[in-house]
Amino acid sequence: MRFMARFDPIFQTALDHMADTHTRRVLRPVRHAGAATVIRDGRELVNFSSNDYLGLSHHPALRARAAQWLQQDGTGAGASRLVTGTTARHMQVEARLAAFKGCEAAMILASGWQANASVLAALLRLAAEQGAPPLVFTDRLNHASLHQGCMAAGVRQIRFRHNDLGHLDSLLERHAGNDARAMRVIVTESVFSMDGDRTDIAQLGALARRHGAFTYVDEAHATGVLGPQGRGLCAGHDIDLVMGTFSKALGGFGAYVAGSRALCDWLANACSGFVFTTAPPPAVLGAMDAALELAPTLDEARARLARNADHIRSVIHGCGLSSGPSTTQVIPIMIGEAAHALSFATRLETHGVLATAIRPPTVPPNGSRIRLALSAAHTDGMIDRLAHAITLATRRHA
Ligand code: PMP
């Protein structure tokens, strides 16, 4: 290959603009020294930026089953699911998943991003075939992958104010007179990734029923952590499709969709992110299988996580700062300007705490923050260190 750099000025100008607005990001390698610490630039830091909420990424049961299935079945599935990629292991994990989620059926996908981008797109394309363009109601703070799914289907989103089901209700009402054939689809998250607040799923289910709308709920940050035995906030409620990941509390990689048998059977035929990609490999499946077995037994870890989250929120408030609407293990420290969020993160790091500053475009302009993600793997000493670091960083910030 002859490498060409003719277009580099375009890339460089874009990068310079990001640098000017403090939004340029760079990749900084770390080494994971356990579920709760990383080594970066030779220094050990307590990790408050990972989504490994139960610390399962280093759990012996997950490692053992991943290693066992890898040894037995090799490193790759070799083909897509509809060709020769489906093994008894895939069926076993999907059956376990369906039982965990209390659904008729479930399917595994390569990643949460891929699931939202392709499952939602397929669903909205099918909806468009019902005789009229679908009406898609989305929370303003939905994850980028959910936007991607809507964009791929070419639908215009009707956005409701963040986590405001009253506003959603009024928008559904306003569009009630539209073509009766138009399928109504509500797309939201049960726990929001940057604010750490929850959707009232009972209310959402009731509202959707009243308006005859299909409900698509992303449980990426609730799976394994919230709901009875960590089954998510949709457990026991009327929801049409639940999506979630194995990459966060379940400590591995990959994602899932859970719902009715007909829905999953149809997706296996129509969802491009399932049909046109190689099946998940044995090691990944092994970690999924062990995580699904273990997660329901971890009530004590979930209770500790919730207690620690309450404590850290009170520390943040005690410093005169806001933790936004967080009621979960995801806790923002609201800062505002990107440059200030960056310097707050730097100060936390001097006290041995890794907590990333999240800046636009991930969050709205002037919505820069430190995003803390607590894990059951954090010891009491680590939580104390975080509390101390926040207090000291605030003093210098003021
Ligand atoms: N949905 C939400 C709400 C997320 O926060 C994320 C991960 N950042 C994803 C989907 C994507 O999941 P994955 O990391 O498995 O691709």
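Heads up: the sequence shown at position 142 corresponds to 142 in UniProt numbering, and the numbers run straight through without jumps. Note that CB positions come from ideal geometry on N, CA and C, so glycine has one too.
Using a 10 angstroms sphere on the CB of R313, the tally of other CB atoms reaches 16 or more, which defines it as buried. According to the DSSP assignment, R89 belongs to the alpha helix (DSSP H) that extends over A88 to K101. The alpha-carbon separation between H175 and T215 amounts to approximately 17 Å. Distance from L141 to I158 at the Cβ level is roughly 15 Å; contact not present, criterion being Cβ atoms closer than 8 Å. In this structure, the straight-line span from the alpha carbon of A35 to that of N308 is close to 17 Å. When only Cα atoms are considered, P364 and G196 end up about 15 Å apart. The ligand PMP has a heavy atom closer than 7 Å to the beta-carbon of A255. For G273, the enclosing alpha helix (DSSP H) has its first and last residue at S272 to V275.
Taking 3 residues as the shortest admissible run, the stretch 223-256 contains the following complete beta strand (DSSP E) segments, listed from N- to C-terminal end: 241-245.
For N47, the enclosing beta strand (DSSP E) starts and ends at R43 to N47.
One Cα belongs to V330, the other to Q72, and the distance between them is close to 38 Å. Look at A249: its beta carbon is at least 7 Å from all of the heavy atoms in the ligand PMP.
The beta carbons of L171 and F160 sit closer together than 8 Å. Under the three-pair Cβ rule at 8 Å, the stretch 53-70 counts as touching the stretch 247-263. Residue burial annotation: M183 is buried, with at least 16 other C-beta atoms found within 10 angstroms of its C-beta. Annotation: N366 to A262 spans about 44 Å, alpha carbon to alpha carbon. With a threshold of 16 other beta carbon atoms within 10 Å, T328 meets it and is buried. Sixteen is the threshold: since fewer than 16 other Cβ atoms of the shown chains lie within 10 Å of the Cβ of F11, the residue is exposed. A residue is called buried when at least 16 other Cβ atoms come within 10 angstroms of its Cβ; R371 meets this threshold and is buried.
Taking one beta carbon from each stretch, the stretch 274-284 and the stretch 79-93 have 3 or more pairs nearer than 8 Å; the two touch. Distances taken from the Cβ of G112 to the heavy atoms of the ligand PMP include one shorter than 7 Å.
Per DSSP, the unbroken beta strand (DSSP E) holding F160 starts and ends at Q157 to F160.
The beta-carbon distance between L354 and R40, rounded to whole angstroms, is 7 Å. This is short enough to meet the 8 Å contact definition. Cβ neighbours of A258 within its own chain (closer than 6 Å, five residues either side excluded): K101, C103, A106 and V242.
Annotated three-state conformation of T13 is helix, per DSSP. Collapsing the DSSP output to three states places D218 in a strand.
Residue range S368 to A373 is occupied by the beta strand (DSSP E) that includes R369, with no alpha helix (DSSP H) assigned at that position. H340 is positioned such that its CB atom lies no closer than 8 Å to that of A389. Restricting attention to alpha helix (DSSP H) runs no shorter than 4 residues, the stretch 279-355 encloses them at 282-294, 299-318 and 338-350, ordered along the chain. Here DSSP, grouped into helix, strand and coil, assigns S145 to helix. Selection A373, A180, A67 and H167 evaluated against A128 yields A180 as nearest (Cα-Cα).
Distance from the C-beta of N163 to the nearest heavy atom of the ligand PMP is not below 7 Å.
For the pair H162 and S322, the Cα-to-Cα distance works out to about 18 Å. Partner residues in the beta bridge of M107, as assigned by DSSP, are V257. Annotation for S193 indicates a beta carbon within 7 Å of some heavy atom of the ligand PMP.
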